[in-house]
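Trainee: Right, I'll just put the structure down here and ask away after.
Numbering (full-length UniProt numbering), first residue to last: 1 to 330.
Structure, rendered in structure tokens:
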């Protein structure tokens, strides 16, 4: 009886059964979207709590108005922490409005000035550290390095690094694909791993990618470097390599549905500022992860790799000796 009554109520409230299920499906989709937004905001808030206030200000500096940047410079000064930082005193000292101070705090990711100043005063010891002899621009660059390190630390997946290191160890040939400044990362990786006995090559142009993907097989491993995750020549070449049976690894800060097809997608830190105004190289996050991967790979049969590395320098020394000997002959 109760079940029949529920059916009547459901029909009255939602209409036929198909419409009821459609409503339930839409509700589930909305719930998932809400959960994603909630988790993203929670992650952003927790990341902000871990960063020092100077880094937080610096991260948002380029997106501020001229007036907001003036406020930011005031709070980045080492001796500001000793001032009376009540909103009334700050607005009088900087000749700004209360609204401008609130907008500045919100631009930094806080709910308002009160939350901002609470975080600011929490880090009094850090802010009052002796830095008077250091140029503010130098401080900002160093903070950018510290921020990239913090973000990279949160993205590190030790198990993934071990898997990728094993893939390098088990592959007969390894290729590194990168264009532009990412091509420099590819060359750096080749030079480092080649000295540990890896048979590898770095390619930095689309023609090189095309020729290489035509000769690889299941015994090969291909690395691609694309911070945006959308570089057509890199993504397409990795997909072609995968079709040929090779294992593929993409280093990116922006994974998407296309990157899910690869054997491994290694996340690297991203920088919020446009590439042409960054104070440090956009490739620094990739180099950090490469250093970690190098360390993991070196630990696989470390003794034999050290022998290979030492023999490389020994051969260089002998080649130099032979050249000098030939040059001394009359």
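Virtual Cβ for every residue (Gly too), placed ideally from N, Cα, C.
Can you confirm whether the stretch 162–178 touches the stretch 208–222 when touching is taken to mean that 3 or more C-beta pairs between the two stretches lie within less than 8 Å?
Mentor: Touching, yes, given that three or more Cβ pairs across the two stretches are closer than 8 Å.
Trainee: Quick one: is residue 138 buried, meaning 16 or more other Cβ sit within 10 Å of its Cβ, or exposed?
Mentor: Per the 10 Å Cβ criterion, exposed.
Trainee: Taking one C-beta from the stretch 207–218 and one from the stretch 237–254 each time, how about it: are there three or more such pairs within less than 8 Å?
Mentor: These segments touch.
Trainee: If we require 4 or more residues per run, which alpha helix (DSSP H) segments fall completely within the UniProt domain "SIS" (164–303)?
Mentor: DSSP runs (the alpha helix (DSSP H)) wholly in the UniProt domain "SIS" (164–303): 181–194, 206–213, 232–243, 284–298.
Trainee: Does DSSP classify residue 157 as helix, strand or coil?
Mentor: Reduced to three states, the DSSP call for residue 157 is coil.
Trainee: Leaving aside the five residues before and after residue 315 along the sequence, list all residues of the same chain whose C-beta is less than 7 Å from its C-beta, in chain order.
Mentor: Excluding residues within five positions, none has a Cβ falling inside 7 Å.
Trainee: Using a Cβ-Cβ cut-off of 7 Å (strictly less than) and excluding sequence neighbours within five positions of residue 293, which residues of its own chain qualify?
Mentor: 161, 164, 165, listed in sequence order.
Trainee: In this structure, does DSSP put residue 110 in helix, strand or coil?
Mentor: Reduced to three states, the DSSP call for residue 110 is coil.
Trainee: Do the stretch 300–307 and the stretch 186–193 meet, that is, are 3 or more Cβ pairs less than 8 Å apart?
Mentor: Touching, no.
Trainee: Going by C-alpha to C-alpha distance, which of 169, 87, 114, 136 sits closest to residue 79?
Mentor: Closest option to residue 79, Cα to Cα, is 136.
Trainee: Under the three-state reduction of DSSP, which class applies to residue 95: helix, strand or coil?
Mentor: Reduced to three states, the DSSP call for residue 95 is coil.
Trainee: Report yes if the C-beta distance between residue 55 and residue 143 is below 7 Å; otherwise report no.
Mentor: Yes, the pair counts as a contact, with Cβ atoms nearer than the cut-off.
Trainee: Out of curiosity, what's the CA-to-CA distance linking residue 63 and residue 75?
Mentor: If you take the alpha carbons of residue 63 and residue 75, they lie about 16 Å apart.
Trainee: Provide the residue span of the alpha helix (DSSP H) that contains residue 76, from first to last.
Mentor: Start and end: 66–76.
Trainee: For a test of the three-state rule: what should DSSP assign to residue 86, helix, strand or coil?
Mentor: Coil, per DSSP.
Trainee: According to DSSP, is residue 310 helix, strand or coil?
Mentor: It is helical.
Trainee: With residue 113 and residue 102 assumed to form a contact (beta carbons below 8 Å), what rounded beta-carbon distance in angstroms separates them?
Mentor: That belief holds up - the Cβ atoms of residue 113 and residue 102 are roughly 6 Å apart, short of 8 Å.
Trainee: For residue 269, count neighbouring C-beta atoms within 10 Å of its own C-beta (all shown protein chains included) and say buried if the count is 16 or more, exposed if not.
Mentor: Under this definition residue 269 is a buried residue.
Trainee: For residue 315, does the three-state DSSP call read helix, strand or coil?
Mentor: Reduced to three states, the DSSP call for residue 315 is helix.
Trainee: Just checking my contact of residue 225 with residue 178 at CB under 8 Å: how many whole Å lie between their CB atoms?
Mentor: Indeed, because the Cβ distance is near 4 Å, the residues count as touching under 8 Å.
Trainee: Looking only at its own chain, which residues have a Cβ that is under 6 Å from the Cβ of residue 104, when we skip the five neighbours before and after it?
Mentor: Closer than 6 Å at Cβ, skipping near neighbours: 68, 71.
Trainee: Given this structure, state the Cα-to-Cα distance separating residue 311 from residue 140, to the nearest angstrom.
Mentor: If I take the Cα positions, the gap works out to 42 Å.
Trainee: Using alpha carbons as the reference points, say which of 181, 88, 100 lies closest to residue 281.
Mentor: Measuring from the Cα of residue 281, the nearest candidate turns out to be 181.
Trainee: When you compare only the Cα positions, how much space is there between residue 158 and residue 152?
Mentor: Those two C-alpha atoms are separated by around 12 Å.
Trainee: Grab me the residues of residue 251's own chain with a C-beta within less than 6 Å of its C-beta, minus the 5 sequence neighbours each way, in chain order.
Mentor: Once the five neighbours on either side are set aside, the close Cβ partners of residue 251 are 225, 266, 268, 286.
Trainee: Of the choices 234, 169, 260, 233, whose alpha-carbon is the least far from that of residue 299?
Mentor: It is 169 whose Cα lies nearest to the Cα of residue 299.
Trainee: Counting C-beta neighbours from all protein chains within 10 Å, is the total for residue 66 16 or more, i.e. buried, or is it exposed?
Mentor: When all chains shown are included, residue 66 counts as exposed.
Trainee: If we ignore side chains and look at the alpha-carbon of each, how far apart do residue 59 and residue 297 end up?
Mentor: The straight-line gap from Cα to Cα measures roughly 34 Å.
Trainee: If you reduce the DSSP assignment to three classes, tell me which class residue 123 lands in.
Mentor: Reduced to three states, the DSSP call for residue 123 is coil.
Trainee: Would residue 258 pass as a contact of residue 235 if the rule is Cβ separation under 7 Å?
Mentor: A contact, by the Cβ cut-off of 7 Å.
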